[in-house]
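Residue numbers (my numbering): 744 to 969.
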Amino acid sequence: MSDSASEHVAAPDSKTESELLAMLEKDGKEFDKDAEIERILGEFRLNGYAILDIQPGLPESQIKKIYRTKSLLIHPDKTSNPKAPDAFDRLAKAQQQLLDEKQREKLDESIADARMLLMRERKLTVDDEEVKDPDDEFISAWRAKTVWVLMDEEKRRQRQMKAQMQEEGRAKKQEEEEMEQRKRKREFENNWEKTREGRIDSWRDFQKGGSKTGGVKKKAKLKTLG
């Protein structure tokens, strides 16, 4: 067999190998996408840092860069994973939270509160090595405590909203009752005014009728018999 013939026979094998590598690369990317989607959906939705998988303190430019990388990876148009839209939505909201100064500041306070509570539970101070150079276990416990703090704050916020809505409902009901009372009063006054002329005429007719009778008749004297 000539060299050219050998090359001709080997070509299909070479092509198959390249296609296989391409398929493996594609499968690997899909695996990365699926893994990232599951990770995002597994994080607490009120913690933007956890969803973006970053630590507090990063500048906005870095947050935007990380968001762009992850959003391109799990974009619903780039994967057939049915959970992609939900994960993509959470990722976008996480970036919005961290780019909003007030929201980010509030989240930072919650994370700091969680750290303080964890230190108090473990009887630690800021000078302890476990706090200054936290290991994976401490960071995991810190993140779990952050979830607890955020959930507690959310429950408190919901209670406040419920109380506010109830108060607004009572105020609205009172306002509606007062409006109804004013409406009935106006209707009464209007009806009273409309019948005023009729009442005056009736009174005049009554007075005229009384004058025609000539007043009260005197009783006739009875004759005395005898």
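In this text, a Cβ means the ideal position worked out from N, Cα and C, and glycines have one as well.
Inset, instruction - Could you spell out the range, first to last residue, of the alpha helix (DSSP H) harbouring Asn933? - result: Counting along the chain, Asn933 sits inside the alpha helix (DSSP H) bounded by residues Asp879 to Lys937.
Inset, instruction - Could you name the residues of the same chain whose beta carbon sits closer than 7 Å to that of Glu803, not counting the 5 residues immediately before and after it, in chain order? - result: Once the five neighbours on either side are set aside, the close Cβ partners of Glu803 are Leu842.
Legend entry - Simplified DSSP assignment, three categories, for Thr759: DSSP, reduced to helix, strand and coil, places Thr759 within a helical segment of the structure shown.
Inset, instruction - Less than 8 Å between the CB atoms is what I'm expecting for Ile783 and Arg858, so what's the real figure, rounded? - result: Contact check for Ile783 and Arg858: beta-carbon distance about 24 Å, past the 8 Å limit, so the pair fails to qualify.
Legend entry - Top-ranked residue by Cα proximity to Ile809, from Glu773, Gln838, Asn934 and Phe931: Closest in alpha carbon position to Ile809, among Glu773, Gln838, Asn934 and Phe931, is Gln838.
Inset, instruction - Please classify Ile797: does DSSP put it in a helix, a strand, or coil? - result: Look at Ile797 here: in three-state DSSP terms it is coil, with no helix or strand label.
Inset, instruction - Can you give me the start and stop residues for the alpha helix (DSSP H) that Ser814 sits inside? - result: Counting along the chain, the alpha helix (DSSP H) containing Ser814 begins and ends at Glu803 to Ile817.
Inset, instruction - State buried or exposed for Phe931, treating a residue as buried only when at least 16 other CB atoms are found within 10 Å of its CB. - result: Residue environment: Phe931 is assigned as exposed (fewer than 16 neighbouring CB atoms within 10 Å of its CB, all protein chains considered).
Inset, instruction - Give me the Cα-Cα distance between Ile817 and Arg913, rounded to the nearest whole angstrom. - result: In this structure, the alpha-carbon of Ile817 lies about 47 Å from that of Arg913.
Legend entry - For Met922 and Asp856, the rounded distance between their alpha carbons: In this structure, the alpha-carbon of Asp856 lies about 48 Å from that of Met922.
Legend entry - Where Leu834 falls: helix, strand or coil (DSSP): Helix at Leu834.
Legend entry - Option nearest Lys826 by Cα separation, candidates Glu896, Arg886 and Glu781: Cα-wise, what sits closest to Lys826 is Glu781.
Legend entry - Per-residue burial, Glu750 [other beta carbons within 10 Å of its own, 16 or more giving buried]: Low confidence applies here, because Glu750 scores a pLDDT of 46, under 50, leaving its location unreliable and the question unanswered by this model.
Inset, instruction - Decide yes or no for the touch test of the segment 901-908 against the segment 860-875: beta carbon pairs closer than 8 Å, at least 3 of them. - result: The way I'd put it, the segment 901-908 doesn't touch the segment 860-875; fewer than three beta-carbon pairs between them come closer than 8 Å.
Inset, instruction - Given a cut-off of 9 Å, decide if Arg788 and Ile794 are closer than it, judged by their beta-carbon atoms. - result: A contact, by the Cβ cut-off of 9 Å.
Inset, instruction - Following the continuous alpha helix (DSSP H) through Leu861, name the residue where it begins and the one where it ends. - result: Unbroken alpha helix (DSSP H) run through Leu861: Glu844 to Glu864.
Inset, instruction - Assign Phe787 to one of three DSSP states: helix, strand, or coil. - result: Here Phe787 sits in coil by DSSP.
Legend entry - Whole-angstrom C-beta distance between Gln840 and Gly791, which should lie under 8 Å: So it is a contact: roughly 4 Å between Cβ atoms.
Inset, instruction - For my contact list, Lys888 and Leu860 are in at a C-beta cut-off of 8 Å; report their separation, rounded to the angstrom. - result: Lys888 to Leu860, Cβ: 6 Å. Contact.
Legend entry - Coil, strand or helix - Ser823 by DSSP: Three-state result, Ser823: coil.
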